[in-house]
Amino acid sequence: MRLKLISCEVLYREMCAAAARSPHQVDIEFLPKGLHDLGGESMRAWLQEAVDGVDATRYEAVLLGYALCGNGIAGLMSRTLPLVIPRAHDCIALLMGSRERYRSYFENNPGTCFRSTGWLERGEDLDQAALLIARYGEDNGRYLIEQFNGYQRNYRQLAYIATGLEPDGSFEQRAREEAARRGWQFETIHGDLRLFERLVAGDWDESDFLVVPPGWRVKPTYDGGIIKREGRGP
Amino acid sequence: MSELYDAILNGNAPAAAEAARQALEGGAAALELVQSHMVPAMDEVGRRFECEDYFVPELLLAARAMKAALALIRPLLASSGAEAAGRVVIGTVKGDLHDIGKNIVASMLEGGGFEITDLGADVAPEKFVDAVRANRANLVCLSALLTVTMPSMKTTIEALSAAGLRGQAKIMVGGAPVTQRYADEIGADGYGENAAVAVALARKLCA
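Listed below in structure tokens is the structure:
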């Protein structure tokens with residue numbers, strides 16, 4: 068099979084490794100990690116454009132290297148090719164290898180911020196502080212920074228997800244240093260590349276993947292299945 | 003309209019506090035300041051946000067200015083025996099640590115004359131139940147920023163129902179991934195797409 072994979076760049080190393088070992092030919096298009104911050108409708112519009120841009124004569128399916136991502140894929144539709152999506156809330160679940168494992172970790176480790184190679188090396192945050200101070204002045208700028216970063220007060224731990232693809236220990240070390248800088252506990256957890264491998268291998272078991280036929284749309288279910296296909300579109 | 007109104011609209015906290023101080027010294031009534039200057043200012047902030055003239059930073063700064071003025075006015079308001087527009091319990095649901103959206107809505111409602119009990123983030127259903135009882139709240143606002151924590155909205159609504167509080171308090175929900183459809187599905191009384199519409203929705207639900 069020839070498969071087109073449209074993926075978030077935050078999963079760059081994992082997707083490349085999986086594609087390299089796929090029995091199929093997988094062409095990958097990476098999109099910016101910044102879509103995560105746009106969220107919802109804006110992210111969907113961007114993804115829809117990428118999906119619509121796939122040459123249907125050259126591939127048999129379009130794979131998404133995304134999860135539900137804050138409803139960023141809700142409403143997405145493939146017009147001519149089936150769309151295959153792993154069932155997960157976000158990329159952390161993908162990196163952990165299963166949504167059940169993610170849920171259990173999430174529930175037992177509240178206040179955890181996650182890092183992986185992609186989260187460490189991709190899409191450096193803008194110097195938001197400088198921009199806000201320039202735009203709103205020193206006092207209001209600092210107030211805004213405090214408000215925007217306020218959620219971090221609620222974090223207690225940083226978990227680095229090691230996939231085994233790293234060249235050395237430098238990523239883990241960077242994550243460890245970030246945790247120390249923020250005064251959080253640090254933990255390394257072992258990732259699992261199975262969902263990536265199965266996605267590009269065409270092993271799309273209904274329990275872990277959603278296959279959306281042409282003309283159907285992706286909908287969130289807000290239950291264990293996370294996403295479903297719905298209705299026949301225009 | 004007034005210096006207080008302008009200061010809030012411009013997100014100038016020191017100017018808002020100063021305008022409130024001068025108005026009070028000049029004999030203005032606390033309630034009058036809230037109703038004729040602060041509520042209209044926050045309404046205008048909401049309107050500008052709706053037409054994408056203002057963005058989240060402007061909302062936060064207007065709320066900051068409003069709070070600076072309110073800090074001076076509130077003690078007088080309490081002694082004047084003025085009725086709040088509604089008694090609100092607000093929080094981000096269990097498992098979810100995000101709080102900016104919730105904070106903005108809380109500020110907008112406060113600026114709109116509501117009495118706010120903010121339970122913070124990662125709030126368990128039973129804490130909402132306790133707070134609604136303790137504060138005799140007539141409105142509960144639930145926020146979630148993650149699809150993984152949205153089901154906590156459902157369990158919180160179920161807990162409020164089981165506690166027999168649905169007759170007493172209406173429930174409104176919001177947060178980036180939340181939709182009207184989900185709000186209907188879990189039996190919420192209202193859904194606010196953004197902070198700007200939250201005040202109008204809250205007024206409607208408390209009417």
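If you read the protein sequences in the order shown, they are chains A and B.
Positions 68 to 301 (my numbering) are the ones given, in order, by the first sequence.
Positions 3 to 209 (my numbering) are the ones given, in order, by the second sequence.
For glycine and all other residues, C-beta sits at the position ideal for the given N, C-alpha and C.
Asked: Alpha-carbon to alpha-carbon, residue 56 (chain B) and residue 14 (chain B); Found: 15 Å
Asked: Under the three-state DSSP convention, the category residue 184 (chain B) falls into; Found: helix
Asked: Contact with chain B by residue 225 (chain A), beta-carbon distance below 8 Å; Found: no
Asked: Interface partners of residue 102 (chain B) on chain A, CB under 9 Å; Found: 214, 215, 217 and 218
Asked: Nearest candidate by alpha-carbon position, reference residue 249 (chain A), set A:295, A:104 and A:225; Found: A:225
Asked: Contact with chain A by residue 152 (chain B), beta-carbon distance below 8 Å; Found: yes
Asked: Residue 140 (chain A) in three-state terms, based on DSSP; Found: coil
Asked: Beta-carbon proximity list for residue 160 (chain B), same chain, < 6 Å, skipping 5 on both sides; Found: none
Asked: Under 7 Å by beta carbon: chain A residues contacting residue 66 (chain B); Found: 210
Asked: Cutoff 8 Å: residue 184 (chain B) Cβ touching any chain A Cβ; Found: yes
Asked: Assigned exposure category for residue 198 (chain A) - 16 Cβ within 10 Å defines buried; Found: exposed
Asked: Euclidean distance between Cα positions of residue 95 (chain B) and residue 175 (chain B); Found: 10 Å
Asked: Three-state class that DSSP yields for residue 292 (chain A) in the structure shown; Found: coil
Asked: Close Cβ partners of residue 254 (chain A) (< 7 Å) along its chain, the five nearest in sequence each way excluded; Found: 224 and 226
Asked: Beta-carbon proximity check, residue 149 (chain B) vs residue 138 (chain A), cutoff 8 Å; Found: yes
Asked: Buried/exposed call for residue 100 (chain B), threshold 16 Cβ in 10 Å; Found: buried
Asked: Residue 300 (chain A) in three-state terms, based on DSSP; Found: Reliability fails at residue 300 (chain A), whose pLDDT of 49 lies under 50, so the model's placement of it is uncertain and no value is given.
Asked: Contacting residues, own chain, Cβ-Cβ under 6 Å from residue 301 (chain A) (five flanking each side not counted); Found: Caution applies to residue 301 (chain A), whose pLDDT of 47 falls short of 50 and renders its modelled position unreliable; the model cannot decide the point.
Asked: Short CB-CB distance (under 8 Å) between residue 124 (chain B) and chain A; Found: yes
Asked: Below-8 Å beta-carbon distance, residue 97 (chain B) vs any chain A residue; Found: yes
Asked: Inter-residue CB distance, residue 11 (chain B) and residue 41 (chain B) (contact presumed, cutoff 8 Å); Found: Rounded, the Cβ-Cβ distance is 13 Å, inconsistent with contact.
Asked: Other residues of its chain near residue 92 (chain A): CB distance less than 8 Å, five sequence neighbours each side excluded; Found: 68, 69 and 70
Asked: Nearest candidate by alpha-carbon position, reference residue 208 (chain B), set B:187, B:181, B:169 and B:73; Found: B:169
Asked: Collapsed DSSP secondary structure at residue 69 (chain A) in the structure displayed; Found: strand
Asked: Chain A contacts from the region 7 to 20 of chain B (Cβ-Cβ distance under 9 Å); Found: 13, 14, 15 and 16
Asked: Where residue 221 (chain A) meets chain B, residues with beta-carbon distance less than 8 Å; Found: 99, 101, 123 and 124
Asked: Residue nearest to residue 197 (chain B) in terms of C-alpha spacing, selected from B:32, B:53, B:17 and B:9; Found: B:53
Asked: Paired residues, beta bridge with residue 179 (chain A) - DSSP; Found: A:224
Asked: CB-CB length for residue 161 (chain A) against residue 263 (chain A), believed under 8 Å; Found: 7 Å
Asked: Continuous alpha helix (DSSP H) stretch holding residue 100 (chain B): start and end; Found: Unbroken run through residue 100 (chain B): none, as it is neither H nor E.
Asked: Selection from A:188, A:136, A:106 and A:149 that minimises the alpha carbon distance to residue 121 (chain A); Found: A:149
Asked: Beta-carbon separation (whole angstroms), residue 177 (chain B) vs residue 154 (chain B), contact threshold 8 Å; Found: Not really, about 11 Å apart at Cβ, beyond 8 Å.
Asked: Paired residues, beta bridge with residue 92 (chain B) - DSSP; Found: B:120 and B:143
Asked: Residue 124 (chain A) burial status per 10 Å Cβ neighbour count (16 or more: buried); Found: exposed
Asked: Residue 135 (chain A) at chain B interface by Cβ criterion, 8 Å; Found: yes
Asked: Whether residue 92 (chain B) touches residue 80 (chain B) by CB criterion (8 Å); Found: no
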